[in-house]
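Number of protein chains: 2
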Amino acid sequence: MKIAITGKGGAGKTTLAAGIAQLFARQDYQVYAVDADPDISLGTTLGVPEEQLAAQPPLIEMKELIAERTGAGGGIYILNPQVDDILDKYAIELGRIKLLRMGAVKHASTACYCPENAFLHAVVNSLLLGNQEVVILDMGAGIEHLTRGTARGVDLMLIVTEPTKVSVDTARVIQKLSSEMGVPKIRVIGNKIRSAKEREFLVEQFTEEEILGCLEFDEELWERAMLEDSGGLGEVLLKSVSMVFDQILREGGGVAGANS
Amino acid sequence: MKIAITGKGGAGKTTLAAGIAQLFARQDYQVYAVDADPDISLGTTLGVPEEQLAAQPPLIEMKELIAERTGAGGGIYILNPQVDDILDKYAIELGRIKLLRMGAVKHASTACYCPENAFLHAVVNSLLLGNQEVVILDMGAGIEHLTRGTARGVDLMLIVTEPTKVSVDTARVIQKLSSEMGVPKIRVIGNKIRSAKEREFLVEQFTEEEILGCLEFDEELWERAMLEDSGGLGEVLLKSVSMVFDQILREGGGVAGANS
Numbered sequence: 003m004k005i006a007i008t009g010k011g012g013a014g015k016t017t018l019a020a021g022i023a024q025l026f027a028r029q030d031y032q033v034y035a036v037d038a039d040p041d042i043s044l045g046t047t048l049g050v051p052e053e054q055l056a057a058q059p060p061l062i063e064m065k066e067l068i069a070e071r072t073g074a075g076g077g078i079y080i081l082n083p084q085v086d087d088i089l090d091k092y093a094i095e096l097g098r099i100k101l102l103r104m105g106a107v108k109h110a111s112t113a114c115y116c117p118e119n120a121f122l123h124a125v126v127n128s129l130l131l132g133n134q135e136v137v138i139l140d141m142g143a144g145i146e147h148l149t150r151g152t153a154r155g156v157d158l159m160l161i162v163t164e165p166t167k168v169s170v171d172t173a174r175v176i177q178k179l180s181s182e183m184g185v186p187k188i189r190v191i192g193n194k195i196r197s198a199k200e201r202e203f204l205v206e207q208f209t210e211e212e213i214l215g216c217l218e219f220d221e222e223l224w225e226r227a228m229l230e231d232s233g234g235l236g237e238v239l240l241k242s243v244s245m246v247f248d249q250i251l252r253e254g255g256g257v258a259g260a261n262s
Numbered sequence: 003m004k005i006a007i008t009g010k011g012g013a014g015k016t017t018l019a020a021g022i023a024q025l026f027a028r029q030d031y032q033v034y035a036v037d038a039d040p041d042i043s044l045g046t047t048l049g050v051p052e053e054q055l056a057a058q059p060p061l062i063e064m065k066e067l068i069a070e071r072t073g074a075g076g077g078i079y080i081l082n083p084q085v086d087d088i089l090d091k092y093a094i095e096l097g098r099i100k101l102l103r104m105g106a107v108k109h110a111s112t113a114c115y116c117p118e119n120a121f122l123h124a125v126v127n128s129l130l131l132g133n134q135e136v137v138i139l140d141m142g143a144g145i146e147h148l149t150r151g152t153a154r155g156v157d158l159m160l161i162v163t164e165p166t167k168v169s170v171d172t173a174r175v176i177q178k179l180s181s182e183m184g185v186p187k188i189r190v191i192g193n194k195i196r197s198a199k200e201r202e203f204l205v206e207q208f209t210e211e212e213i214l215g216c217l218e219f220d221e222e223l224w225e226r227a228m229l230e231d232s233g234g235l236g237e238v239l240l241k242s243v244s245m246v247f248d249q250i251l252r253e254g255g256g257v258a259g260a261n262s
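In order, the protein sequence lines correspond to chains A and B. Heads up, the first sequence is in the working numbering, so the first residue is 3 and it goes up one at a time. Heads up, the second sequence is in the working numbering, so the first residue is 3 and it goes up one at a time.
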C-alpha cells in the first residue's frame with residue numbers, strides 16, 4: 003500500500019504521518035516513511051535526534067548510485083526488493099520503520115526541488131511492495147507536489163484538513179488534482195476538531211464517502227510538541243491516530259485483508 | 003518597504019499578512035498584497051468573494067504583456083510607477099490594498115511553479131516604491147521560495163512561528179537562508195501563544211533582537227476563520243496584529259518615519 007498524506011500547512015500532516023507509520027509498524031508491517039518536504043520534520047516528529055537527522059543522506063543522492071548499478075542514463079529506475087540494500091543506506095531505522103528524506107536543505111537562491119520531486123516519484127512508482135509493506139509519503143504543504151506529479155502512483159491519498167474555510171478550500175483543490183492524477187482512493191481526514199460546531203462545519207463540506215474520519219484537537223499532544231527530545235509523540239499520539247487507522251487499513255483493501 | 007512573510011505551514015502567515023496589509027492601508031499606505039502561494043488563500047482571508055478570486059488573472063500572465071511593451075525577450079523587467087496600469091489589470095482592489103496572486107492552480111502532473119517564482123522575483127525586485135507604498139508577500143509554506151530565491155530583494159523578512167519545536171526548527175532554517183540571500187532585516191514573530199509556558203519556550207529559542215513580538219492564540223479569531231463570507235477577519239484580527247504592527251513600522255526605518 004502506498005499512501006500520501008497532504009493538506010494545507012498546519013493541518014497536521016506530519017503528526018498524522020508519524021502516527022500512521024507507528025501503527026503500521028505495530029502491526030508488523032515494514033514501513034517506508036518518506037519525508038517529501040525539504041524542510042524536514044517527520045524525523046523530528048518520530049523522535050529521531052537532530053544530529054542523526056542532519057547526517058542522513060537525502061534520497062536524491064541515491065540517483066547516482068542507481069545509475070552506476072543499472073548503467074541507466076537517469077530516465078528509468080528499476081527498483082525491487084533487491085535494491086533494499088541501496089534504500090537501507092539512506093534510511094534511518096526505527097524498529098520496523100525506515101525513514102527516508104527526499105532532499106536536503108539547499109542554499110538560498112540556488113535551486114528548486116524539481117529534480118528531487120521527479121526522482122522521488124520514480125522511486126515510489128517503481129517500488130514493488132510485498133503484502134506487509136507500506137510506503138507513507140509525508141508531502142509538503144500546499145499543492146505543488148500535485149502539479150509536479152510527485153505523488154502519482156500512490157494507492158490512497160489522505161487529505162488532512164482543519165475545520166476552517168481556507169483549509170477546506172485547499173482540501174478541495176487537492177481532491178480535484180489527485181483525481182486528475184488518477185489516484186484510486188482519495189479520502190479526507192478532519193483534524194484539530196475542538197467542538198461539535200466545528201465537526202458539523204467540516205462534515206457538511208464533504209460527502210460521507212469522502213470523509214474517512216475526524217480527529218479531535220488534543221491539548222496534551224500540543225503540549226508535547228513543545229518538548230525537545232521527547233522520543234516521538236508516543237502513546238498520546240497513537241491513541242489519537244488510532245481513531246482513523248482501522249479505516250485506513252480497510253481502505254487499503256487486499257493489503258489490509260492479508261493482515262487480518 | 004518590501005516585506006515577505008514566511009514560516010512553517012499553519013503558523014499563521016496568511017492571517018498575519020492580511021492583518022498587516024489592512025493596518026498599512028489604514029495608515030494611508032498603498033499596499034500591494036501578493037499571494038505567492040499557488041494554493042491561494044490570502045484573498046479569502048481578506049474577504050474577497052470566491053467568484054472574484056476565481057476570475058482573477060495570475061501575475062504570471064503579465065509576463066507576455068510586459069514583453070510586448072518592452073520588446074524584451076523575458077530576461078529583464080523594468081517596472082516603475084508607469085506600469086501601474088499593468089499591475090491594475092491583475093489586481094483586485096480592496097480600498098488601498100491591491101491584491102495580486104502569483105499563479106493559478108495548474109493541472110495535476112503538468113508542471114512546477116518555477117516560472118511563476120522567477121517572474122514574481124523579477125517583479126518585486128524591480129518595483130520602485132514611493133514612501134507611502136508597501137509590498138507584502140505572503141509566501142508559501144516551507145522553504146522552497148527561499149532556495150528558489152523568490153523573496154530576494156525584500157527589505158524585511160518576517161518569520162512566523164508557533165511555540166513548537168518543528169515550527170522553530172523551520173524558522174531557524176528560514177533565518178539562515180534569508181541571511182544567505184542578503185535580506186537586511188530578519189525578524190521572528192511568535193504566534194498562537196496559549197500560555198506563559200509557551201511564550202517562555204519561544205523566547206528562549208531566539209535572541210531579543212531576533213524576536214519582533216509575540217501574538218496570543220485568539221479563540222475568537224479561530225471561530226471566525228470557520229465562517230464563509232465573513233468579509234475578512236475584521237477588527238478582531240486587526241486588534242491582534244496591531245500588537246506587532248508598530249514594531250514592523252519601526253523596523254521599516256525611513257519609510258515608517260515618513261509617515262509619523
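Using N, Cα and C, we set each Cβ at its ideal position, and we do this for glycine too. Given the structure is predicted, the values throughout are model-derived calculations rather than measurements.
Residue i, enclosing alpha helix (DSSP H) - first and last residue
i                : result
Cys116 (chain A) : 116-128
Arg201 (chain A) : 198-207
Leu139 (chain A) : Leu139 (chain A) -> not in any alpha helix (DSSP H); beta strand (DSSP E) instead, spanning 135-140.
Thr152 (chain B) : Per DSSP, Thr152 (chain B) belongs to no alpha helix (DSSP H) and is neither H nor E.
Neighbour list for residue i in chain B, Cβ cutoff strictly below 7 Å
i               : result
Ala13 (chain A) : Gly12
Arg1 (chain A)  : There is simply no residue 1 (chain A) to check, as chain A begins at 3 and stops at 262 in what is shown.
Under the three-state DSSP convention, the category residue i falls into
i                : result
Gly215 (chain A) : strand
Asp157 (chain A) : coil
Asp41 (chain B)  : coil
Thr163 (chain A) : strand
Leu48 (chain B)  : coil
Lys15 (chain B)  : helix
Ser244 (chain B) : helix
Ala57 (chain B)  : helix
Val175 (chain B) : helix
Val20 (chain B)  : In the sequence under discussion, the amino acid at residue 20 (chain B) is Ala, which differs from the Val named in the question. In the structure shown, Ala20 (chain B) sits in a helix (DSSP, three-state: H, G or I).
Gln29 (chain A)  : coil
Val36 (chain A)  : strand
Gly144 (chain A) : coil
Ser111 (chain A) : coil
Asp220 (chain B) : coil
Glu210 (chain A) : coil
Leu131 (chain A) : coil
Ala260 (chain A) : Reliability fails at Ala260 (chain A), whose pLDDT of 37 lies under 50, so the model's placement of it is uncertain and the value that follows must be treated cautiously. In this structure, Ala260 (chain A) counts as helix in the three-state DSSP scheme.
Ser169 (chain A) : helix
Residue i classed as buried or exposed, judged by whether at least 16 other C-beta atoms fall within 10 angstroms
i                : result
Ile78 (chain B)  : In this prediction, Ile78 (chain B) has a pLDDT of 43, which is less than 50 and means its spatial position is unreliable; what the coordinates show is noted afterwards. Classification of Ile78 (chain B): exposed, given that the 10 Å Cβ count is below 16.
Lys91 (chain A)  : exposed
Ser197 (chain B) : exposed
Asp37 (chain B)  : buried
Ser180 (chain B) : buried
Arg252 (chain A) : exposed
Asp41 (chain B)  : buried
Ala56 (chain B)  : exposed
Leu2 (chain B)   : No information on residue 2 (chain B) is available, as it lies outside the stretch 3 to 262 that chain B covers here.
Thr16 (chain A)  : buried
Gly133 (chain B) : In the sequence as presented, Gly is not what sits at residue 133 (chain B); that position holds Asn. Per the 10 Å Cβ criterion, exposed.
Glu146 (chain B) : buried
Pro165 (chain A) : buried
Lys1 (chain B)   : The structure shown does not extend to residue 1 (chain B), since chain B is modelled only from 3 to 262, so the question has no answer here.
Gly97 (chain A)  : exposed
Gly184 (chain A) : exposed
Thr209 (chain A) : exposed
Enclosing beta strand (DSSP E) for residue i [first to last residue]
i                : result
Ile188 (chain A) : 187-195
Gly9 (chain B)   : 4-9
Leu101 (chain A) : 99-103
Leu271 (chain A) : Chain A is shown from 3 up to 262; residue 271 (chain A) falls before or after that span and cannot be answered.
Contacts that residue i makes with chain B (C-beta to C-beta distance below 8 Å)
i                : result
Val107 (chain A) : Ile145, Thr149, Val175, Leu179
Ala124 (chain A) : Going along chain B, no residue has its Cβ under 8 Å from Ala124 (chain A), so there is no contact; the nearest lies around 13 Å.
Ser242 (chain A) : In chain order: nothing, as chain B lies at least about 16 Å away.
Ile248 (chain A) : Per the sequence shown, residue 248 (chain A) should be read as Asp rather than Ile. In chain order: nothing, as chain B lies at least about 27 Å away.
Chain-ordered chain E contacts of residue i [CB-CB under 7 Å]
i              : result
Ala6 (chain A) : Of the protein chains in this structure, namely A and B, none is chain E.
8 Å Cβ cut-off: residues of chain A touching residue i
i                : result
Tyr115 (chain B) : Glu146, Thr149
Pro40 (chain B)  : Gly144, Ile145, Glu146, Thr149
Glu182 (chain B) : His109, Ala110, Ser111
Thr209 (chain B) : Neighbours of Thr209 (chain B) on chain A: none; closest Cβ ~18 Å, over 8 Å.
Contact test: residue i Cβ vs the ligand PLP heavy atom, cutoff 7 Å
i               : result
Val36 (chain B) : Ligands displayed in this structure: none; no statement on the ligand PLP is therefore possible.
Contact set between residue i and chain A, taken where Cβ atoms lie within less than 7 Å
i                : result
Thr163 (chain B) : In chain order: nothing, as chain A lies at least about 11 Å away.
Asp171 (chain B) : Ser43, Thr46
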